[in-house]
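Student: Residues in the sequence shown are numbered from 1 upward in steps of one, following full-length UniProt numbering.
Ideal Cβ positions, reconstructed from N, Cα and C, are used throughout, including at glycine.
Here the structure is a predicted model, which is why all the values come from computation and not from measurement.
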Amino acid sequence: MNDKPIKYEELLEKPILIFGSGRSGTTILSEIIFQHEDLAWHSNYQEILTKSTWINYFRRFWSNNMYSLVKYWKFVGVSKNTRQKFGSFLKLAIFNPIERYAFWESITGHRIDFSRGFLLNEKATPEEIHHIRSFLAKQVKYQGKKRLIMKFTGPARLEYLTSIFPDLIVVSIAREPIATVRSWLEVGFWQRMGIDKLWWIGAYSKEEEAEAEKLKGNAPLITAFQYRKLMETTQYEIEKLGLNVLQTRYEDFVKDPKAFIKNVMDFMQLTQSKHVDNYMNEMVVSNRNARTSNKTTFSDETKQRIMEIVGEYA
1 MNDKPIKYEE
11 LLEKPILIFG
21 SGRSGTTILS
31 EIIFQHEDLA
41 WHSNYQEILT
51 KSTWINYFRR
61 FWSNNMYSLV
71 KYWKFVGVSK
81 NTRQKFGSFL
91 KLAIFNPIER
101 YAFWESITGH
111 RIDFSRGFLL
121 NEKATPEEIH
131 HIRSFLAKQV
141 KYQGKKRLIM
151 KFTGPARLEY
161 LTSIFPDLIV
171 VSIAREPIAT
181 VRSWLEVGFW
191 QRMGIDKLWW
201 IGAYSKEEEA
211 EAEKLKGNAP
221 LITAFQYRKL
231 METTQYEIEK
241 LGLNVLQTRY
251 EDFVKDPKAF
261 IKNVMDFMQL
271 TQSKHVDNYM
281 NEMVVSNRNA
291 RTSNKTTFSD
301 ETKQRIMEIV
311 GEYA
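1) I need the boundaries of the beta strand (DSSP E) containing Ala-174, first residue and last residue.
2) Since Tyr-236 contacts Thr-180 with CB under 8 Å, what's their CB separation in whole angstroms?
3) Is there contact between the segment 153-171 and the segment 9-21, where contact requires at least three CB pairs shorter than 8 Å?
4) Determine the direct distance from the alpha carbon of Thr-233 to that of Lys-162, and round the result to whole angstroms.
5) Restricting to Cα atoms, I'd like to know which of Asn-244, Leu-148 and Leu-119 is closest to Glu-37.
6) Are Ala-124 and Leu-12 close, meaning C-beta to C-beta below 8 Å?
7) What three-state label does DSSP hand Lys-138 in the structure shown?
8) Since Arg-192 and Ile-164 are thought to touch, with beta carbons under 8 Å apart, how far apart are those beta carbons, to the nearest angstrom?
9) Under 8 Å between the Cβ atoms of Pro-5 and Ser-43?
10) Applying the criterion that 16 or more other CB atoms from any shown protein chain within 10 Å of the CB defines a buried residue, is Lys-240 buried or exposed?
11) Just verifying my parser: in three-state terms, what is the DSSP assignment at Arg-147?
12) Can you name the start and end residues of the alpha helix (DSSP H) that Gly-188 belongs to?
13) I want to know whether the segment 45-52 touches the segment 280-287 - three or more CB-CB distances under 8 Å.
14) Pull up the CB-CB distance for Tyr-204 and Ser-24, whole angstroms please, since I reckon it's below 8 Å.
15) When you compare only the Cα positions, how much space is there between Pro-126 and Asp-113?
16) Please name the residue in Gly-144, Trp-200, Lys-262 and His-131 whose C-alpha comes closest to that of Thr-153.
17) Give the single residue among Lys-262, Ala-224 and Arg-291 whose Cα lies nearest to the Cα of Lys-303.
18) Tell me whether the beta-carbon of Glu-47 lies closer than 8 Å to the beta-carbon of Phe-103.
19) Closer than 6 Å by C-beta to Ser-106: which residues in its own chain qualify, once you throw out the five before and the five after it? Chain order, please.
20) Does the beta-carbon distance from Asp-196 to Lys-216 come in below 8 Å?
21) If I follow the unbroken beta strand (DSSP E) through Ile-18, where does it start and stop?
22) So within the segment 95-137, which uninterrupted alpha helix (DSSP H) runs reach at least 4 residues, ignoring any that extend past its ends?
23) Here's the rule: buried if 16 or more other CB atoms are within 10 angstroms of the residue's CB, otherwise exposed. What is Pro-220?
24) Starting from Thr-248 and walking both ways along the beta strand (DSSP E), at which residues does that stretch end?
25) Distance check for Phe-95 and Trp-62, CA to CA, integer angstroms please.
26) Let me make sure I understand the geometry here. Which of Leu-29, Arg-59 and Thr-26 has the alpha-carbon closest to that of Ala-40?
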């Protein structure tokens, strides 16, 4: 066991986690909160240079007052709310928050599968905890920030993450299941990885695996099957660990975005931020559940089957 003190460890007090199934509102919620001046986050630069802590100094370069005067650099993030008039090349060049897993696979090590594993009943070892906390403390320090925020989709991974961060502040966001399933099916990644197999691993019984085999030819239903398992395992972890999780809904966000974000920030123990306020004032909010889609349409029968599969976790 490594007993060496962790440098800058005070910067890991009350870290924040935002998570959801994916296609549930995690991106818009996290991008709003990422504007806060106190928060450090995983970046596109860190995803390329997974072993480097020093790469986080680049955030200071992109955050200076000169660049913030230019509208393109006014906000962080890559959603349509921040970059809708600019090309993908510039999105990649700017130091931005990102949800990718090469860095997390690197920092958590080969013992677990962080990107695909449910990590149920899994805790980090003392050595892993020391390594991960040492790295992330420097990430916060070198970005010139005061607290850490993380955003993940898929499994909640709560037991594993709280073994590393005992005072973790956790916020989840869920969305109406039919809209979530439809949105998943319009993502290229899911079309390649999620409609003919169980993408996340380590939580299915033999009976569930057999049931999934029967659903392989039906993309909406096998997707709903995996959505249910995400919701089920999340609830299991929350109850097992006795966690105080702020469980939010995308539908509540679109009804009153400002009140929703205030409630979330209060729970996260974040001060009011002019950067968050400015982003909120300029963002475009629409209820994506109500949109029509030419790509993916469900029959009434399919919708009914989705809801039957999801069951109590709707």
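Tutor: Working from what's here:
1) Here residue 174 refers to the residue found at position 174 when the sequence shown is read from its first residue. Element bounds for Ala-174: 169-174.
2) For the purposes of this step, residue 236 is taken as residue 236 along the sequence shown, with counting starting at 1. For the purposes of this step, residue 180 is taken as residue 180 along the sequence shown, with counting starting at 1. The beta-carbon separation of Tyr-236 and Thr-180, rounded to 19 Å, does not stay under the 8 Å limit for a contact.
3) yes
4) As a first step, residue 162 must be located in the sequence shown, where it is residue number 162. As a first step, residue 233 must be located in the sequence shown, where it is residue number 233. The residue asked about is misnamed: residue 162 is Thr in this sequence, not Lys. In a straight line, the C-alpha of Thr-162 is about 15 Å away from that of Thr-233.
5) Here residue 37 is taken as the residue at index 37 of the sequence shown, counted from 1. Cα-wise, what sits closest to Glu-37 is Leu-148.
6) In the sequence shown, the residue the question calls residue 124 occupies position 124. In the sequence shown, the residue the question calls residue 12 occupies position 12. No. Outside cutoff.
7) Position 138 of the sequence shown, counted from the start, is the residue given in the question as residue 138. It is helical.
8) Taking the sequence shown and counting its residues from 1, one reaches residue 192 at position 192. Taking the sequence shown and counting its residues from 1, one reaches residue 164 at position 164. No, Arg-192 and Ile-164 are not in contact; Cβ-Cβ is about 31 Å, not under 8 Å.
9) One-based indexing of the sequence shown puts residue 5 at position 5. One-based indexing of the sequence shown puts residue 43 at position 43. Inclusion of Pro-5 and Ser-43 in the CB contact set at 8 Å is not warranted, their separation being larger than that value.
10) Here residue 240 is taken as the residue at index 240 of the sequence shown, counted from 1. When all chains shown are included, Lys-240 counts as exposed.
11) Numbered from 1 along the sequence shown, position 147 holds the residue referred to as residue 147. Here Arg-147 sits in strand by DSSP.
12) Locating residue 188 in the sequence shown gives position 188, where the first residue counts as 1. Unbroken alpha helix (DSSP H) run through Gly-188: 188-193.
13) no
14) Reading the sequence shown from its first residue, position 204 is the one you call residue 204. Reading the sequence shown from its first residue, position 24 is the one you call residue 24. Taking a contact as a CB-CB distance under 8 Å, the pair Tyr-204 and Ser-24 does not count as one, their CB atoms being some 21 Å apart.
15) Position 126 of the sequence shown, counted from the first residue, corresponds to residue 126. Position 113 of the sequence shown, counted from the first residue, corresponds to residue 113. Straight-line Cα distance between these residues: approximately 18 Å.
16) Position 153 of the sequence shown, counting from 1, holds the residue named residue 153. Ranking Gly-144, Trp-200, Lys-262 and His-131 by Cα distance to Thr-153 puts Trp-200 first.
17) Position 303 of the sequence shown, counted from the start, is the residue given in the question as residue 303. Cα-wise, what sits closest to Lys-303 is Ala-224.
18) In the sequence shown, the residue the question calls residue 47 occupies position 47. In the sequence shown, the residue the question calls residue 103 occupies position 103. In contact: Glu-47 and Phe-103 (Cβ atoms closer than 8 Å).
19) Here residue 106 corresponds to residue number 106 of the sequence shown, with the count starting at 1. Same-chain partners within the cutoff: Thr-50.
20) In the sequence shown, residue 196 corresponds to position 196, counting from 1. In the sequence shown, residue 216 corresponds to position 216, counting from 1. Taking 8 Å as the Cβ cut-off, Asp-196 and Lys-216 qualify as a contacting pair.
21) Position 18 of the sequence shown, counting from 1, holds the residue named residue 18. That run of the beta strand (DSSP E) goes 16-20.
22) 102-108
23) Here residue 220 is taken as the residue at index 220 of the sequence shown, counted from 1. Pro-220 comes out buried.
24) Sequence index remark: in the sequence shown, residue 248 carries index 248 (1-based). Run containing Thr-248: 245-249, per the beta strand (DSSP E) assignment.
25) Numbered from 1 along the sequence shown, position 62 holds the residue referred to as residue 62. Numbered from 1 along the sequence shown, position 95 holds the residue referred to as residue 95. Their Cα atoms are separated by approximately 7 Å.
26) Here residue 40 is taken as the residue at index 40 of the sequence shown, counted from 1. Residue Arg-59 is the option with its Cα nearest to Ala-40.
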